[in-house]
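Just add 15 to the spot in the sequence shown (first one is 1) and you have my numbering.
Don't be surprised by glycine CBs; every beta carbon is placed ideally from N, CA and C.
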Amino acid sequence: MFIAGNYDVIIIGAGHAGVEAALASARMGCNTLLTTLNMDNIAMMPCNPSVGGPAKGHLVREIDALGGEMGVNADKTCIQYRMLNTGKGPAVQALRAQADKKLYQNTMKHTCELQENLDVKQLLIDEILFEDNKVTGVVVETGEVYTCKAIVLASGTYLKGRIIIGENTYDGGPNGQRAAIKLSSCLLKAGVELMRFKTGTPARVDRRSLDFSKMIIQPGDDEVHNFSFMSDVKTREQVPCWLTYTNEQTHKIIRDNIERAPMANGIITGVGPRYCPSIETKIVRFPDKERHQLFIEPEGLDTEEMYVQGMSTSMPIDVQMEFLRTIPGLENVRIMRPGYAIEYDCINPLQLKPSLEFKKISGFFSAGQTNGTSGYEEAASQGLIAGINAALKIQGKEPLILKRSDGYIGVLIDDLVTKGTNEPYRVMTSRAEYRLLLRQDNADLRLTEKGRQVGLVSDERYARFVKRRDSIKNTIELLSEIRIHPNKETLAKMQEFELGSIHNTVTAADLLKRKEISYDDLKHIVELPEISEDVKKQVEITLVYEGYIKKQLEQVERMEKLEEKLLPEDINYDEVFSLRDEAREKLNAIRPISIGQASRISGVSPADISVLLVYLEQYRRQEEKA
Numbered sequence: 016m017f018i019a020g021n022y023d024v025i026i027i028g029a030g031h032a033g034v035e036a037a038l039a040s041a042r043m044g045c046n047t048l049l050t051t052l053n054m055d056n057i058a059m060m061p062c063n064p065s066v067g068g069p070a071k072g073h074l075v076r077e078i079d080a081l082g083g084e085m086g087v088n089a090d091k092t093c094i095q096y097r098m099l100n101t102g103k104g105p106a107v108q109a110l111r112a113q114a115d116k117k118l119y120q121n122t123m124k125h126t127c128e129l130q131e132n133l134d135v136k137q138l139l140i141d142e143i144l145f146e147d148n149k150v151t152g153v154v155v156e157t158g159e160v161y162t163c164k165a166i167v168l169a170s171g172t173y174l175k176g177r178i179i180i181g182e183n184t185y186d187g188g189p190n191g192q193r194a195a196i197k198l199s200s201c202l203l204k205a206g207v208e209l210m211r212f213k214t215g216t217p218a219r220v221d222r223r224s225l226d227f228s229k230m231i232i233q234p235g236d237d238e239v240h241n242f243s244f245m246s247d248v249k250t251r252e253q254v255p256c257w258l259t260y261t262n263e264q265t266h267k268i269i270r271d272n273i274e275r276a277p278m279a280n281g282i283i284t285g286v287g288p289r290y291c292p293s294i295e296t297k298i299v300r301f302p303d304k305e306r307h308q309l310f311i312e313p314e315g316l317d318t319e320e321m322y323v324q325g326m327s328t329s330m331p332i333d334v335q336m337e338f339l340r341t342i343p344g345l346e347n348v349r350i351m352r353p354g355y356a357i358e359y360d361c362i363n364p365l366q367l368k369p370s371l372e373f374k375k376i377s378g379f380f381s382a383g384q385t386n387g388t389s390g391y392e393e394a395a396s397q398g399l400i401a402g403i404n405a406a407l408k409i410q411g412k413e414p415l416i417l418k419r420s421d422g423y424i425g426v427l428i429d430d431l432v433t434k435g436t437n438e439p440y441r442v443m444t445s446r447a448e449y450r451l452l453l454r455q456d457n458a459d460l461r462l463t464e465k466g467r468q469v470g471l472v473s474d475e476r477y478a479r480f481v482k483r484r485d486s487i488k489n490t491i492e493l494l495s496e497i498r499i500h501p502n503k504e505t506l507a508k509m510q511e512f513e514l515g516s517i518h519n520t521v522t523a524a525d526l527l528k529r530k531e532i533s534y535d536d537l538k539h540i541v542e543l544p545e546i547s548e549d550v551k552k553q554v555e556i557t558l559v560y561e562g563y564i565k566k567q568l569e570q571v572e573r574m575e576k577l578e579e580k581l582l583p584e585d586i587n588y589d590e591v592f593s594l595r596d597e598a599r600e601k602l603n604a605i606r607p608i609s610i611g612q613a614s615r616i617s618g619v620s621p622a623d624i625s626v627l628l629v630y631l632e633q634y635r636r637q638e639e640k641a
């Protein structure tokens with residue numbers, strides 16, 4: 016056995032989960048190895064070339080606040096930014112960007128290459144080595160061994176990956192990559208439960224064959240946005256996307272060929288994403304819908320490839336060509352890469368602790384699509400947490416576990432390890448019960464301190480954060496102290512600038528709670544300091560929604576009391592009398608760490624929670640006596 020290297024942490028896979036895990040581990044001082052099937056495809060975007068969107072944009076901001084890389088990299092490489100849901104409240108507003116696909120990959124690859132404590136190698140991992148329920152290393156296809164103290168499995172859709180186009184299938188990963196065929200068997204031997212999921216992607220088409228005059232232009236915002244709280248980008252080149260629609264002719268072609276669809280003829284056996292269905296699934300599921308929207312998105316500045324967002328398919332290529340040419344603007348389309356489906360193995364996330372470590376295998380972590388999720392942002396979030404916790408474990412420290420009230424990352428991970436998933440999981444704002452607290456604009460206020468504590472937030476980032484935090488705090492305090500009297504001068508100014516009226520003395524903070532009045536409006540009435548635009552926004556949101564925010568904080572406080580009631584690690588639920596059989600089975604399987612987590616398990620009723628609370632009190636008294 017040739018030992019080719021010894022590391023603290025080994026990351027299997029260099030997609031969006033893998034790079035975040037590797038960078039986090041290395042930046043926290045661990046000697047880290049990042050392995051990839053292909054050095055040229057690190058952080059590849061095999062599906063749509065975009066970052067962010069509803070709830071996903073929140074994740075990117077949270078990754079950034081903790082000291083992750085996705086937001087920083089996006090700001091360097093994206094070619095269009097749009098703030099979504101601007102007509103709605105701040106809780107659901109979200110930033111979305113089109114990335115230059117190759118530039119995003121290359122920039123992230125170079126970041127990894129330059130990172131201290133991080134080696135990047137092109138290796139196919141065939142086997143993970145275990146000893147006494149601990150990871151000890153990996154074996155690569157060429158036979159050499161790399162030893163380690165912790166492993167993060169971030170294999171994406173490559174585990175026994177199978178590409179499906181019509182009646183044709185072959186082993187492979189996304190975009191013509193190799194698949195990891197042998198690793199699944201190794202996991203099964205180690206007692207890891209696997210599931211079979213599938214996802215898909217649409218055709219890439221030649222920009223030169225499209226007629227954009229028949230589509231609706233979708234430009235980027237005039238206002239410059241950034242994902243990272245560290246980005247100072249003030250201007251950037253933006254390119255448009257385009258909107259078009261399917262029609263009845265499109266739908267008829269798909270219906271007439273539905274027996275050739277792998278989803279219909281039994282070739283596809285894996286479970287697909289409910290929230291991002293293929294076009295053939297849409298036609299079958301929504302037969303009364305007259306059209307479906309499609310976005311034609313550029314893959315980058317230096318390519319003619321365009322992505323047909325909304326038309327994921329695994330239909331035969333001749334059918335793809337036929338229905339694409341029914342779309343306005345695509346009548347003469349040339350396909351550069353056909354759409355395809357991919358089936359792959361993933362793990363049942365109920366096997367994981369909230370730290371993303373396997374319950375039964377010490378030092379073994381899992382992240383990303385390997386955990387049954389869908390999306391680059393979901394993957395990167397998990398990779399960051401897995402990398403942090405792998406490093407913390409080696410350092411003998413307690414893991415970083417984000418609560419549901421801390422961020423969407425906390426919601427995502429808690430959903431996976433507490434409820435599991437029977438389909439590719441996608442984060443959505445509706446999954447969070449504290450949406451007003453978990454806004455994208457305040458991610459740094461929620462999470463930067465936590466990133467600082469684990470050693471990921473640099474001095475520069477922390478100094479910038481403190482300045483912003485203190486500016487918000489000081490401004491709110493100042494506005495609360497400034498009293499505005501209903502004298503003639505004040506009322507005249509309010510009338511002049513159409514700011515309503517007042518009948519009693521109020522504070523400047525009280526006036527700012529009126530949605531029609533901004534910080535800049537207040538400056539017409541009273542003298543106020545100049546502050547940055549992002550600070551203004553924070554102050555305005557905090558004051559306008561003060562009452563609602565207070566109520567959610569009270570809800571969090573009540574829930575925290577349950578989260579603080581920790582369950583013994585060695586608890587035997589078979590010995591907890593009065594639990595219902597279903598609850599006992601679920602609790603034994605999931606092994607929640609607290610009463611709070613137990614209360615979120617499907618099949619555990621409020622009555623079962625009451626039983627656990629009584630048991631916990633009895634257990635505490637026995638421990639005190641001992």
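Which value, in whole angstroms, describes the spacing of the CA atoms of Y322 and A218? 7 Å
Closer than 8 Å is the cut-off here; do at least three beta carbon pairs connect the region 350-365 with the region 144-163? no
In whole angstroms, what is the alpha-carbon distance linking N183 and M278? 13 Å
Give the DSSP-derived three-state secondary structure of G33 in the structure shown. helix
Which runs of the beta strand (DSSP E) at least 3 residues long sit entirely within the region 334-418? Give them in chain order. 350-352, 355-362 and 379-381
Identity of the residue in K368, L99, T444 and I282 nearest L74 by Cα: T444
Neighbourhood of T51 by C-beta distance below 8 Å, restricted to the same chain and skipping five residues each side: G28, A29, G33, I57, V135, K136, Q137 and L138
Who are the near neighbours of P331 in its chain, counting only those whose CB is closer than 6 Å to its CB and skipping five residues on each side? So the list reads G181 and R275, once near-sequence residues are dropped.
Please list, in chain order, all residues of the same chain as V626 whose beta carbon is under 6 Å from its beta carbon, the five residues on each side excluded. S593 and L594
Three-state class that DSSP yields for P61 in the structure shown: coil
Inter-residue Cα distance where the pair is D236 and A109: 13 Å
List the DSSP bridge partners of C256. Q233
Keeping to the same chain, check which residues put their C-beta closer than 8 Å to that of Y563; ignore five residues upstream and five downstream. L451
Roughly how many angstroms separate the alpha carbons of D226 and T522, rounded to a whole number? 57 Å
Report the partner residues of D221 according to the DSSP bridge assignment. Under DSSP, D221 shares a beta bridge with E320.
For V49, tell me which candidate among V155, R97 and M16 has the shortest Cα-Cα distance. Residue 49 is actually Leu in this sequence, not Val. Considering only alpha carbons, the answer is V155.
Helix, strand or coil for R97 per DSSP? In the three-state reduction of the DSSP assignment, R97 falls in the strand class, which pools E and B.
For M16, count neighbouring C-beta atoms within 10 Å of its own C-beta (all shown protein chains included) and say buried if the count is 16 or more, exposed if not. exposed
What number of angstroms, rounded off, separates the C-alpha of E511 from the C-alpha of E548? 24 Å
Assign F6 to one of three DSSP states: helix, strand, or coil. This structure cannot speak to residue 6, because the chain is shown only from 16 to 641.
Quick check on Y185: buried or exposed, where buried means 16 or more other Cβ atoms within 10 Å of its Cβ? exposed
Inter-residue spacing [alpha-carbon to alpha-carbon] between T101 and L407: 39 Å
Among Y355, L365 and L462, which residue has its Cα nearest to the Cα of S396? Out of Y355, L365 and L462, L462 has the C-alpha closest to the C-alpha of S396.
Let me know the secondary structure DSSP gives A447 once reduced to three states. Correct three-state label for A447: coil.
Could you tell me the boundaries of the beta strand (DSSP E) in which D186 lies? N183 to D186
Can you tell me whether K482 is buried or exposed, with buried defined as 16 or more other CB within 10 angstroms of its CB? exposed
Assign P313 to one of three DSSP states: helix, strand, or coil. strand
Is there contact between the region 360-369 and the region 253-270, where contact requires at least three CB pairs shorter than 8 Å? no
Determine the closest residue to Y96 out of A89, R111, V167 and G86, with distance taken between C-alpha atoms. R111
To which residues of the same chain is M123 closer than 8 Å at the C-beta, ignoring the five residues directly before and after it? V34, I57, A58, E84 and N88
Would you say G281 and R211 are within 9 Å of each other, going by their C-beta atoms? no
A36 and A401 look like a contact to me (Cβ under 8 Å); what is the Cβ gap, rounded to whole Å? 5 Å
Rank C62, T557, S617 and P607 by C-alpha distance to the C-alpha of C291 and give the top, closest one. C62
If you scan the region 145-186 from start to end, which runs of the beta strand (DSSP E) of 3 or more residues do you find wholly inside it? 150-155, 160-162, 165-168, 177-180 and 183-186
If you follow the beta strand (DSSP E) that D134 is part of, which residue opens it and which one closes it? L133 to Q137
Within the same chain, show all residues whose beta-carbon is closer than 6 Å to that of E159, passing over the 5 residues directly before and after it, in chain order. F17 and A19
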